[in-house]
Structures are given as structure tokens and as C-alpha cells.
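Visitor: The structure is given below, and queries will be raised subsequently.
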Amino acid sequence: MGSLAFESQTLSSETMAIDREEDIVHVRKRARMLAQARGFDAFACAALTTAASELARNVWVHGGGGQATLEELSDGNRFGIRMVFRDQGPGIADLERALQGGYSTARSLGLGLSGTRRLVEDFAIDTRPGEGTRVTITKWTRF
Amino acid sequence: MSRKGPIPILRVGNVLLTTIHIDLQDTIAAAFQEDVLTEIEKTGAHGIVVDISGLDEVDTHVARILAETGAMARLMGTRAVLVGMRPEVAATLVRMGYAMGAIETALDVDDGLRLLGGRPKG
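Laid out in C-alpha cells, this is it:
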């Protein structure tokens, strides 16, 4: 599905801190603003902003805070939003299980991660025990 | 009225009606749940309608709070009905695997009140 990604151009990039619970809302609102401005429909907007909420909350609850980077992309035909969520928390011990859903440490990492994966076109996760977690997602406008 | 949180809870006949119009962050969510339960006890309401038509996004955190609130009300003997979920919100939650089967739902406030017998038909 991400076969066009290598041709894509980054139009903008901004990084936001996730240090407090309110920052989850800031990240989500910014994601919605970018998606709406780039012509994402209501369903795609809800999917993207919900994914942003889930991942930002994971950073705050499980990672002890971190950053979100929001990027606008274009592949010449359509626009995309890429979001990267990083924390320096404990990492996810059993990633396979976490991605299957139903896995829960503090609250509901399971549904958040496995559910988020179903909302976007591209999903990548890099987690190291004791070092932290980085989740990258991309969603494109539809035609 | 001694509400702890910023979300108003109104009495309509013998049911309660509340509209969630702000982000349910942890402290607000806890206050909201306590306010709902306190109002149920105070009014003896036999049902509560929770309107989320103002929310353009419901993540699993908020969904869990809503389902929990319904379960808490039910333990007290009060039916809770979630109403006004937007199409894109419903689609997103189900795609994520969160179907909210634990709480009763209705299309809008009118239907919710009717379901609970708080408003006559027509």
C-alpha cells in the first residue's frame, strides 16, 4: 500500500512536546487542522485524529512523555499526513502481543496500538526495552 | 447543584440528560462519572441519556470512560443510553475493534429519551 511513498515530498514538518495530558489534545487538534486543510474527508479525519489521540496518549501514559512530529506529504497526486510519536520510556516487552490487541499494561495499550494500525495506510513501530518506542503512521487522502 | 466537573447534567422528567462537549481528560472524566452517580442518587432517575453529538473524535480512552459510566449507572439500577454518535466516530471505533457493546445506544436525544420513557411519542 505504501508503494508510492518513496516518491513523496515532505511539505512541512513540526514537532510538539507531549509532557502533559493536555498535550494529547493539542497534538490531536493540530492533526485535525492539517488533515482538514489538505482535504481529508470526515471519515479520514476521524481516523487520523483518533490515531493521533491513541498514540499521543501512549506516549504520555506508557512512555512518560515524549514528542510528536507531524508532517504534510505529497506524492504528486494526493496529500498525506505522517506522524511520528517518540518516547524514552520502558519500551514494549511483548510487541507481537501488543499488536494483536487485548494486551494491557497500564491501561489499554493493546486496543490503542492494534486499533490504530487499522486506521492508517502505513504503520511502523520500533521499540527497545529500556530505551523507548517510536511509532510512525501515514494516512493519505483518497480519490 | 454541587457538580465537581464542568459537564452539566439536566433533569428531564424522571431521566437525566447530559451533553459531552469537551475533552474527557482524566480529571474531567473522573469528575463526570462521580457527578452522574451523585445525580442518580439525588434524583432517583431511572435512566440517563449521554449525548456525544458534539464529539468529532472518540478514542478508546473516551470510549472506555463512556462504557464505564454506563456500567456504573447500571449497578445503581439506572439505564444509560449513549446517543448522537457521529457516523465517522462509529466507523472509526468499530474499525479499531472497539464496538462498545456494553452500553445501550440510540440515534439522538429524542430517541434516547423515548427509549427511557422520559418523553411520550410524537
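Protein chains in written order, with this note's numbering: chain A, 1 to 143; chain B, 144 to 265. Here a beta-carbon is modelled for each residue, glycine too, at the ideal position from N, C-alpha and C.
Would you verify that the beta carbon of HIS164/B is, or is not, closer than 9 Å to some beta carbon of chain A?
Guide: no
Visitor: Quick one, are the C-beta atoms of ALA188/B and THR221/B less than 9 Å apart?
Guide: yes
Visitor: Near THR69/A, which residues of its chain fall below 6 Å by C-beta distance, leaving aside the five closest residues on each side in sequence?
Guide: THR15 and VAL84
Visitor: Could you check if GLU71/A is buried or exposed, using at least 16 other CB atoms within 10 Å of its CB as the buried criterion?
Guide: buried
Visitor: Using 8 Å as the Cβ pair cut-off and three pairs as the minimum, do the region 74-82 of chain A and the region 31-49 of chain A touch?
Guide: yes
Visitor: Just checking: is the beta-carbon of GLU22/A within a distance shorter than 9 Å of some beta-carbon in chain B?
Guide: yes
Visitor: So, helix, strand or coil for GLN9/A, using DSSP?
Guide: strand
Visitor: Check each candidate in ASP169/B, LEU167/B and GLY156/B and name the one with the smallest Cα separation from ILE191/B.
Guide: Ranking the options by Cα distance to ILE191/B, first place goes to GLY156/B.
Visitor: Here's a check: name, in chain order, each residue in its chain whose Cβ is nearer than 6 Å to the Cβ of GLY112/A, leaving out the five neighbours to either side.
Guide: GLU54 and ASN58
Visitor: Between the Cα of GLU96/A and the Cα atoms of ARG117/A, GLY76/A, ASP87/A and GLN88/A, which residue gives the shortest distance?
Guide: ARG117/A
Visitor: With a threshold of 16 other CB atoms inside 10 Å of the CB of THR133/A, please say whether the residue is buried or exposed.
Guide: Classification for THR133/A: buried.
Visitor: Among residues of its own chain, excluding the 5 on either side of ARG154/B, which ones have a beta-carbon nearer than 6 Å to its beta-carbon?
Guide: Here the set comprises THR186.
Visitor: Which word fits THR212/B, buried or exposed, when buried means at least 16 other C-beta atoms lie within 10 angstroms of its C-beta?
Guide: buried
Visitor: Against chain A, does GLY220/B count as a neighbour if the rule is that its beta carbon must be under 9 Å from one of theirs?
Guide: Using beta-carbon distances, GLY220/B does not count as an interface residue toward chain A, since no partner is under 9 Å.
Visitor: With DSSP as the reference, label SER196/B as helix, strand or coil.
Guide: It is coil, neither helix nor strand.
Visitor: For GLY112/A, would you say it is in contact with chain B, using Cβ-to-Cβ distances shorter than 9 Å as the test?
Guide: yes
Visitor: Compare the C-alpha of LEU159/B against each of LEU180/B, LEU167/B and ALA172/B and name the closest.
Guide: LEU180/B
Visitor: Along the chain, where does the alpha helix (DSSP H) containing PHE85/A start, and where does it finish?
Guide: In the DSSP assignment, PHE85/A falls outside any alpha helix (DSSP H) and lies within the beta strand (DSSP E) extending over 79-87.
Visitor: When you compare only the Cα positions, how much space is there between ARG107/A and ASP251/B?
Guide: Summary for ARG107/A: the model assigns pLDDT 49, below 50, so the residue's position carries little reliability; its value from the coordinates is reported in the next sentence. About 30 Å.
Visitor: Within a Cβ cutoff of 8 Å, which residues of the same chain sit near ILE24/A, ignoring the five residues on either side of it in sequence?
Guide: ILE18, SER53, ALA56, ARG57 and TRP60
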